[in-house]
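Asks: First, the structure itself, so that you have it in front of you.
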Amino acid sequence: MNFANPKSPFDLSGRRALVTGSSRGIGRAIAFALGRTGAEVMFHGATDSPALREAVAEARKEGVAASALVADLSSSADVASLATGSAGPDILVLNASVQSYGRIEDFDDNEFLKMFQTNLRSSFQLVKLLGPLMAESGWGRIVSIGSVNQGHPAPRLAIYAATKAAQKNLMLTAAREWAAKGVTVNTVTPGVIETDRNAKILSDKSFADSLRQSIPARRFGRAEDCAGIVLALCSDACSYVTGADISVDGGMSL
Ligand code: NAP
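Right, here's the structure in full:
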């Protein structure tokens, strides 16, 4: 086996990671998991928010080498600055996204463009700018956070679901392009994970109860539930896993 640390193939010491949207929610849990396993972590948020600062401070308190990067992914100029500011990370987790609800006839072009820029075009830009640097170094990990909506769009999430489907597809080509250069590219696909994003919708008790009943595990996920598989995919242990799409959904997609 060709592990950097043969005793612990999950050890990420010496690796630098950028996790988009890690001020809160799933991204934050992923950033902490990578940091606790030895990676230097660049936390990221849309703004220099108290949540972002708190995440970095908390990680540093735990001994993680953590820093903060701010970029609004709805601006392609900001995305380009984020790529430059991250200075060629070994690990890129594409986690940030936005989602708006509506019927197709209610969405206008601006909403379409905002979701496509923030969710898909920013991922394309980051992968295009950072993937070749990983390939040049001979080691890299890209993990994209998908959604159950990419295969089965929920009502009123047409544009968000389409961005996630396109993003999953983009990862397949990226996986193929850099597979021989030590760079893996995978998608991790959450089901219903309790975060700020769905707090309002899940506060409707009867809706939440019936949704929970539709999940074989009979519970919603926690942000931390998504972190373990991302950690594994980012490690040497999963160097032969690329182009995969792994569900973290308590069986929801069965
Ligand atoms: P969340 O709690 O809403 O957090 C979103 C994160 O993305 C925050 O860090 C936020 O930064 C950042 N972000 C939002 N808009 C941004 C922008 N324009 N530019 C830069 N950063 C931006 O989200 P989450 O529930 O943890 O979801 C994380 C990922 O999992 C998303 O891709 C989502 O689609 C996917 N997912 C979630 C669920 C779920 O049930 N929660 C299910 C399936 C898939 P600020 O703090 O600065 O706003």
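Taking my numbering, the leading residue of the sequence shown gets 17, the next gets one more, and so forth. Beta carbons are placed, not taken as given, at the ideal position from N, Cα and C, and that holds for glycine.
1. Are the Cβ atoms of LEU136 and GLN183 separated by less than 8 Å?
2. Between ILE217 and ASP225, what straight-line distance do the alpha-carbon atoms span, to the nearest angstrom?
3. Please indicate yes or no: does the CB of LEU68 lie closer than 7 Å to some heavy atom of the ligand NAP?
4. Does LEU270 pass the burial test, meaning 16 or more other C-beta atoms within 10 Å, or should it be called exposed?
5. What does DSSP give as the partner residue(s) for SER263 in the beta ladder?
6. Decide if the segment 103 to 112 is in contact with the segment 121 to 131; the criterion is three or more beta carbon pairs, one per stretch, under 8 Å apart.
7. Please name the residue in ILE231, TYR176, ARG76, GLN133 whose C-alpha comes closest to that of VAL95.
8. In angstroms, rounded to a whole number, what distance separates the CA positions of THR205 and PRO169?
9. I need the DSSP call for ILE161, collapsed to helix, strand or coil.
10. Which one of MET187, ARG40, LEU98, SER92 has the shortest CA to CA distance from GLU74?
Replies: Well, looking at it:
1. yes
2. 12 Å
3. yes
4. Under this definition LEU270 is an exposed residue.
5. Under the DSSP definition of a beta bridge, SER263 partners with THR205.
6. No: fewer than three Cβ pairs fall under 8 Å.
7. It is GLN133 whose Cα lies nearest to the Cα of VAL95.
8. C-alpha separation (whole angstroms): 13 Å.
9. In the displayed model, ILE161 falls within a strand according to three-state DSSP.
10. ARG40
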